[in-house]
Amino acid sequence: MPEILALLIAPDWVRSLTGERPPNVFWAEYIVWPLIQIVIVLFVVLTVVAYLVYFERKISAFIQARLGPMRVGPWGILQPAADGLKLLLKEDIIPIKADKLVFSIAPIISVVSTLVVLAVIPWGAAWATIANVNIGLLFVLAVSSVSVLGLVLAGWSSNSKYSLLGALRSSAQMVSYEVGMGLSIIGALIFARTLSLSGIVEAQRADGLPYFLFQPLGFLIYLISALGETNRAPFDLPEAESELVAGYHTEYSGFRWALFFMAEYTAMLVTSAVAVTVFLGGWYFPGLDWIKSNWGPNIYVLLSVAAFAGKIAVLIYAYMWFRWTWPRYRYDQLMELGWKWLIPAGLANVVLTGVWYVLALPEAQGGVFGFVKQTAGRYVPTGYGKIYFILTGFIITIPLSWALLATINRRSRDFNLHDQRQLQIKLRSERIKRNEPVAE
Amino acid sequence: MQEEITKPRETLLDAEEMALNMGPQHPSTHGVLRVLLKLDGETVIDLDCDIGFLHRGVEKIAEQDTYAMITPYWDRLDYVAAVSGDLCYVEGVEKLLQVEVPRRAEYLRVILTELQRIASHLLWLGTHAIDIGAVTVLLYCFREREEILKIFEDFIGARLTAHAFRIGGLWWDVYPEFETRVRDFLKIIPDRITEYETLLNTNRIWLSRTVGIGVLPAEEAINLSLTGPVLRGSGVNYDVRKAQPYSAYADFDFEVPLGENGDTYDRYLIRMEEMRQSVRIIEQALDGLPEGPVMAKVPKVIKPPVGEIYHSIEAPKGELGVYLVSDGTGKPYRMRIRPPAYINLQSLKRMAIGHLVADVVAIIGTIDIVLGEVDR
């Protein structure tokens, strides 16, 4: 119990606001302060999500040589408010043949499971993190995968074939991409040796380099899986407009639909936040320690939050850029990419990273090179060790995994398009010659 | 047939086949096409097209209208290539009347029809890409199509249903800046086509969505009497502009691009190349544009002699033909349209069975149908 309470403890400056000793320490520190944090994070995140929609429209407009929303407020900056109001005022329609209870609960499951994850994200240094759970990463993976339940229930309860197909696709897709996502993180965990998200950031701070340099393949796999996990293009099959009308939310309208929309963008935010935490150094940037000692702890925390937000923004921009540039994968091709490429590549990455790491250990621990030194209870790579890990990551792990997968997938349908094409034509014309039906 | 599809049948492992009704309000059936799919999981095992939601009875209406009054109906057949429709009909009537159209009018007709071909192919590319999920291409295509529509608007007064031609030639000569406007457009379009190709040609996702999808061997394509890019994608060299040159096409030098594999990717490449060839034709036509009148001497009341003709042109979608029977009065006894999109649509079943739902959408896109023409 004291450990859990320690998670929620208020920072010094909050305590100083309430005077020497607040009337009731327990209430002030363990109930009121966490609630303030929760309200702030929810408010900020939901506003950001609304504006992500706006930025998505603006970015897509600039990519497509047009202007995007321009009417509501200058440059259309009040568009999210207008959209939200419109969705709130819309008639709430539940199809007659739908399962009403499940139909109403489904969007709530989706939204809540993505919002809960926000509690453990280290938004910044010190008091900017709501809860520093020591299994933070596991918590994120576990809770965010509940959101697929919302989609499945939505598709099933709508009692529409398009919704059902969308839900089936999304469940298969999210389950398979989660595996790749989990595997891609393990490489970084070998370096960090902790599952706590704040701990991973601290580890990168101590090692002096963000882990995407040690783990280029892991970072790549994570980015691709995160796109699949959040149903973003080119993996937006569950809601593929040209095929399934709107996928699992075909029958939804008004605010229930908005909840799904909110869940999608929050999920995007969460996966980017995890990517930033695990691979891009989290809220830390070089020079932050100097700021802490010279400008005071509060500016230090605010700047760390800004750095975190900036890194997330870069990733989210990339997500939007992908969406408006690439065509969509087909269902089976998506599965093939997930199971035949991402998951084996993730496994190869774990094995190879483990081998490099063991080799780098000091001889006393069974290693060869001694590039990793034990200082103050953790293993930190030395200067040569950093160069060694970066070189092995970029020069050996990526080409080796590629060669391995290319060998395995040589006969795969989509890998060798040319042969595939000739084969199909040959088979087809043979069937026609034999006067058989041409169906494959 | 439809009952057969909608009746579910038990398959292996007690799974039920699913009948999926795609359309007529589906976003990617290019209008009001209804496709009934019988699915095993997501694999198409049978399908049937239900058409006629846009049927207006043009052929019957034509029997009650004078020859000049029929022309606007042809704008509304293939409404994204209205000029090509007009060309087919007016040339058919001119053949019936045995009227010689002035050279200048013929050259201008070629210029406008080829511009319309580029516009139609641009619209096809945009919608085809959006079917496969690349949304941005549509907006780029509309940017260039807009330039063509502006040229039409200044000359004809309409953008979409451009009632371009009259029986006997053109109603009036082109405006003075017409040539520079068209030449300005010709300057930008080849670069823009290259731009689209850099977006799509070697894109891995685009390739895996189009290569080997909807394969149609040559003999099968001929048996289904397909025409246009769908036929040429299978490697059959048949283009009405070369086979039976009409209008002034015999004067121009251009190539007919042919595919090898007959899949969706080849049909895409062919249409891209056809746009380039259209640019070549327009350039030659502008260079050799003769002076002179644009309207032949045609009587006010058109009463062709008794007889019947068949005339066909290479519309953007394929061979667009008209069969006219005249009984000597001011109204045709019978007008029959050969709509390329309708006939090409018959290949959907052959191409789509065995593929997934997502591919059905891509295949409908690659056939390039316009429901105004399918339903007439």
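The listed protein sequences correspond, in order, to chains Y and U.
With our numbering applied, the first sequence corresponds to residues 38 to 477, in that order.
With our numbering applied, the second sequence corresponds to residues -15 to 360, in that order.
Every residue gets a Cβ at the ideal spot worked out from N, C-alpha and C, and that includes glycine.
Going along chain U, which residues have a C-beta under 7 Å from residue i?
{"i": "threonine 362 of chain Y", "result": "Thr120"}
{"i": "lysine 198 of chain Y", "result": "Met2 and Leu4"}
{"i": "alanine 270 of chain Y", "result": "Gly117"}
Would you mind stating whether residue i and residue j have Cβ atoms separated by less than 9 Å?
{"i": "glycine 15 of chain U", "j": "leucine 355 of chain U", "result": "yes"}
{"i": "phenylalanine 139 of chain U", "j": "phenylalanine 169 of chain U", "result": "no"}
{"i": "serine 235 of chain Y", "j": "glycine 173 of chain Y", "result": "yes"}
{"i": "leucine 144 of chain U", "j": "tyrosine 57 of chain U", "result": "no"}
{"i": "isoleucine 370 of chain U", "j": "isoleucine 102 of chain U", "result": "Outside the shown range of chain U, which is -15 to 360, sits residue 370 of chain U, and nothing can be said about it."}
{"i": "proline 117 of chain Y", "j": "valine 81 of chain Y", "result": "no"}
{"i": "serine 438 of chain Y", "j": "leucine 374 of chain Y", "result": "no"}
{"i": "glycine 110 of chain U", "j": "leucine 96 of chain U", "result": "no"}
{"i": "alanine 65 of chain U", "j": "alanine 232 of chain U", "result": "no"}
{"i": "aspartate 343 of chain U", "j": "isoleucine 197 of chain U", "result": "yes"}
{"i": "leucine 254 of chain Y", "j": "alanine 355 of chain Y", "result": "no"}
{"i": "glycine 291 of chain Y", "j": "alanine 204 of chain Y", "result": "no"}
{"i": "alanine 270 of chain Y", "j": "tryptophan 378 of chain Y", "result": "no"}
{"i": "cysteine 72 of chain U", "j": "serine 296 of chain U", "result": "yes"}
{"i": "serine 218 of chain U", "j": "glutamate 204 of chain U", "result": "yes"}
DSSP beta-bridge partners for residue i?
{"i": "valine 305 of chain U", "result": "In the sequence under discussion, the amino acid at residue 305 of chain U is glycine, which differs from the valine named in the question. Paired residues: U:Ser296 and U:Arg322."}
{"i": "threonine 4 of chain U", "result": "Residue identity differs from the one stated: residue 4 of chain U is leucine in this sequence, not threonine. Leucine 4 of chain U is bridged to U:Leu21."}
{"i": "glutamine 411 of chain Y", "result": "Y:Tyr416"}
{"i": "methionine 279 of chain U", "result": "U:Gly153"}
{"i": "leucine 340 of chain U", "result": "U:Thr27"}
{"i": "glycine 159 of chain Y", "result": "This sequence places proline at residue 159 of chain Y; glycine is not what is there. Answer by DSSP bridge pairing, in chain order: Y:Thr166."}
{"i": "serine 310 of chain U", "result": "U:Gly291 and U:Pro316"}
Note down, in chain order, every chain U residue with its Cβ under 8 Å from the Cβ of residue i.
{"i": "arginine 103 of chain Y", "result": "Leu123"}
Could you spell out the range, first to last residue, of the beta strand (DSSP E) harbouring residue i?
{"i": "valine 417 of chain Y", "result": "415 to 418"}
For the alpha helix (DSSP H) containing residue i, name the first residue and the last one.
{"i": "glutamine 116 of chain Y", "result": "116 to 126"}
{"i": "isoleucine 29 of chain U", "result": "From DSSP, isoleucine 29 of chain U is part of no alpha helix (DSSP H) but of the beta strand (DSSP E) over 27 to 34."}
{"i": "isoleucine 432 of chain Y", "result": "From DSSP, isoleucine 432 of chain Y is part of no alpha helix (DSSP H); its letter is neither H nor E."}
{"i": "proline 71 of chain Y", "result": "70 to 100"}
{"i": "phenylalanine 126 of chain U", "result": "120 to 140"}
{"i": "tryptophan 320 of chain Y", "result": "Per DSSP, tryptophan 320 of chain Y belongs to no alpha helix (DSSP H) and is neither H nor E."}
{"i": "histidine 112 of chain U", "result": "87 to 116"}
{"i": "valine 67 of chain U", "result": "66 to 81"}
{"i": "leucine 389 of chain Y", "result": "380 to 397"}
{"i": "phenylalanine 272 of chain Y", "result": "Note, phenylalanine 272 of chain Y: premise wrong, no alpha helix (DSSP H); not H, not E."}
{"i": "tyrosine 252 of chain U", "result": "248 to 271"}
{"i": "arginine 40 of chain U", "result": "Premise fails: arginine 40 of chain U is in no alpha helix (DSSP H) and is neither H nor E."}
{"i": "phenylalanine 169 of chain U", "result": "162 to 184"}
{"i": "threonine 151 of chain Y", "result": "137 to 154"}
{"i": "tryptophan 361 of chain U", "result": "Summary: the structure shown does not reach residue 361 of chain U, with chain U confined to residues -15 through 360, and so no result is reported for it."}
{"i": "glycine 192 of chain Y", "result": "184 to 194"}
{"i": "serine 208 of chain Y", "result": "198 to 229"}
{"i": "glutamine 241 of chain Y", "result": "234 to 244"}
{"i": "leucine 257 of chain Y", "result": "253 to 266"}
{"i": "glycine 333 of chain Y", "result": "Premise fails: glycine 333 of chain Y is in no alpha helix (DSSP H) and is neither H nor E."}
{"i": "methionine 372 of chain Y", "result": "368 to 373"}
{"i": "arginine 108 of chain Y", "result": "Careful: arginine 108 of chain Y lies outside any alpha helix (DSSP H) and carries neither H nor E."}
{"i": "tryptophan 190 of chain U", "result": "188 to 194"}
{"i": "isoleucine 206 of chain U", "result": "202 to 207"}
{"i": "leucine 242 of chain U", "result": "No alpha helix (DSSP H) contains leucine 242 of chain U, which DSSP labels as neither H nor E."}
Mind listing the chain Y neighbours of residue i? Cutoff is C-beta to C-beta under 8 Å, in chain order.
{"i": "arginine 255 of chain U", "result": "Those within 8 Å of arginine 255 of chain U in chain Y number zero; the least Cβ separation is about 17 Å."}
{"i": "alanine 146 of chain U", "result": "Under the 8 Å cutoff, chain Y gives no residues; its nearest Cβ is about 25 Å from alanine 146 of chain U."}
{"i": "leucine 340 of chain U", "result": "Arg367, Tyr368 and Asp369"}
{"i": "asparagine 187 of chain U", "result": "Trp363 and Pro364"}
For residue i, which residues in chain U fall below 9 Å Cβ to Cβ?
{"i": "isoleucine 258 of chain Y", "result": "Within chain U, no residue comes near isoleucine 258 of chain Y; the closest Cβ sits about 17 Å away, beyond 9 Å."}
{"i": "leucine 202 of chain Y", "result": "Met2, Leu4, Leu23, Glu26 and Val341"}
Measuring from the CB of residue i, is there a heavy atom of the ligand MN at a distance below 8 Å?
{"i": "leucine 441 of chain Y", "result": "This structure does not include the ligand MN; it has no bound ligands of any sort."}
Starting from the beta carbon of residue i, find every residue of chain Y whose beta carbon is closer than 7 Å, and list them in chain order.
{"i": "arginine 127 of chain U", "result": "Ala102"}
Report the neighbours of residue i on chain Y: residues whose CB is nearer than 9 Å to its CB, in chain order.
{"i": "aspartate 343 of chain U", "result": "Arg367"}
{"i": "alanine 113 of chain U", "result": "Pro364"}
Contact the segment 292 to 305 of chain Y vs the segment 140 to 149 of chain Y: 3+ CB pairs below 8 Å: Yes: the two stretches touch, three or more of their Cβ pairs being nearer than 8 Å.
Validate contact between the segment 36 to 46 of chain U and the segment 113 to 133 of chain U using beta carbons, cut 8 Å, 3 pairs: The answer is no - the segment 113 to 133 of chain U does not touch the segment 36 to 46 of chain U, with fewer than three Cβ pairs under 8 Å.
Inter-stretch contact (C-beta, 8 Å, three-pair minimum) for the segment 323 to 336 of chain Y and the segment 168 to 184 of chain Y: With a cut-off of 8 Å, the segment 168 to 184 of chain Y and the segment 323 to 336 of chain Y do not count as touching, because too few Cβ pairs lie within range.
contact_flag[the segment 240 to 253 of chain U, the segment 211 to 220 of chain U] where n(CB pairs < 8 Å) is 3 or more: Yes, since at least three Cβ pairs between the segment 240 to 253 of chain U and the segment 211 to 220 of chain U fall closer than 8 Å, the two stretches touch.
Inter-stretch contact at 8 Å, needing at least 3 Cβ pairs: the segment 425 to 441 of chain Y / the segment 237 to 256 of chain Y: Yes, the segment 425 to 441 of chain Y is in contact with the segment 237 to 256 of chain Y.
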